[in-house]
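*Asks:*
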Amino acid sequence: MRESCMKSEGPTVLAVASFSAFNSRETVRKPTSRSDQAFVQTLIEQFPYLISSCPVLLIFIDTMSSFGTLYKGPPGDAKSGEKIFRNKCAECHTVEKVGRHKEGPNLHGLFGRISGTAPGYHYSVNTFNKAVTWDEQTLYEYLNNPQAYIQGTTDVFPGLKKPQERADVIAYLKKSTAT
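The numbering of the sequence shown is this note's numbering, which starts it at 483 and goes up by one.
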């Protein structure tokens with residue numbers, strides 16, 4: 483088996499599954515969604531030696547992505563973040579589970595969601611194509627300068643330049659948008 487893996491011309495991505503799906507014996511699926519394909523492409527680019535060593539690859543999204551990006555911002559305060567959100571974000575966004583879209587999308591369920599995928603909201607093509615998974619680090623970077631993070635975004639928000647403000651808003655969003 484090892485010899486056949488070493489003679490491989492390249493990877494065949496057999497399936498993408500979550501660890502929880504594997505444990506509950508749910509059906510494992512081929513990587514067909516944009517997020518699965520983006521994850522597989524990133525894996526191939528970041529770990530070519532691993533991928534080239536065997537022609538068959540089973541990826542467990544939850545297991546691998548739990549290592550994710552390491553948050554590099556300061557600890558946030560949700561109470562301060564709520565005030566900042568009300569003053570700088572609430573004009574365009576809501577956080578309630580049944581909140582409506584405004585100028586920007588409703589943010590309920592934001593963490594773990596792929597950019598450009600909130601149901602019922604029409605995103606710019608660039609936001610949709612960015613296909614970033616929102617977590618503390620990606621939000622920290624995005625909130626610093628949205629136009630630089632997603633070039634061509636229709637978001638006119640200039641960003642939060644102070645690291646503590648970004649951290650506070652993220653802490654508030656984690657608390658208020660949890661599903």
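We put the CB at the ideal spot given by N, CA and C, even for glycine.
By Cβ distance below 6 Å, which residues in the same chain neighbour Phe610 in space, the five residues on each side in sequence not counted?
*Replies:* Once the five neighbours on either side are set aside, the close Cβ partners of Phe610 are Gly598.
*Asks:* Using a Cβ-Cβ cut-off of 6 Å (strictly less than) and excluding sequence neighbours within five positions of Phe639, which residues of its own chain qualify?
*Replies:* Taken in chain order, the residues that qualify are Pro628.
*Asks:* Helix, strand or coil, according to DSSP, for Thr576 in the structure here?
*Replies:* The answer is coil: DSSP assigns Thr576 none of H, G, I, E or B.
*Asks:* Quick check on DSSP: helix, strand or coil for Ile429?
*Replies:* Only positions 483 to 661 of the chain appear in the structure, and residue 429 is not among them; the question remains open.
*Asks:* Should Leu540 go down as buried or exposed, given a rule of 16 or more other Cβ atoms within 10 Å for buried?
*Replies:* Residue confidence for Leu540 is low, a pLDDT of 47 falling below 50, so the modelled location carries little weight and cannot support an answer.
*Asks:* With 16 as the cutoff for other CB atoms within 10 Å, does Arg648 come out buried or exposed?
*Replies:* Answer is buried; the Cβ neighbour count reaches 16.
*Asks:* Rounding to the nearest angstrom, what Cα-Cα distance links Lys570 and Gly641 in this structure?
*Replies:* One C-alpha to the other measures close to 9 Å.
*Asks:* Does the beta-carbon of Lys644, which I'm using as the reference point, lie nearer than 7 Å to any heavy atom of the ligand ATP?
*Replies:* What this structure holds is no ligand at all, so the ligand ATP is not there to describe.
*Asks:* Return the bridge partner residues of Thr659 from the DSSP annotation.
*Replies:* None; Thr659 has no bridge partner.
*Asks:* Run the CB neighbour count on Leu625, radius 10 Å, all protein chains shown included, and call it buried at 16 or more, exposed below.
*Replies:* Leu625 should be labelled buried.
*Asks:* Quick one: using the 10 Å Cβ neighbour count with 16 as the cut-off for buried, is Lys644 buried or exposed?
*Replies:* Exposed, by the Cβ-count rule.
*Asks:* Within the same chain, show all residues whose beta-carbon is closer than 7 Å to that of Leu592, passing over the 5 residues directly before and after it, in chain order.
*Replies:* Within the same chain, Leu592 has close Cβ partners Trp616, Leu655 and Thr659.
*Asks:* Could you tell me how far apart the beta carbons of Gly563 and Ala653 are, in whole angstroms, since I believe they sit closer than 8 Å?
*Replies:* About 5 Å; that satisfies the 8 Å criterion.
*Asks:* Could you tell me which residues DSSP puts in a beta bridge with Thr615?
*Replies:* DSSP lists Ile596 as partners of Thr615.
*Asks:* Taking only the alpha-carbon atoms, compute the straight-line gap between Lys612 and His590 and give it to the nearest angstrom.
*Replies:* If I take the Cα positions, the gap works out to 20 Å.
*Asks:* Under three-state DSSP, which class holds Asp650?
*Replies:* Three-state DSSP puts Asp650 in a helix.
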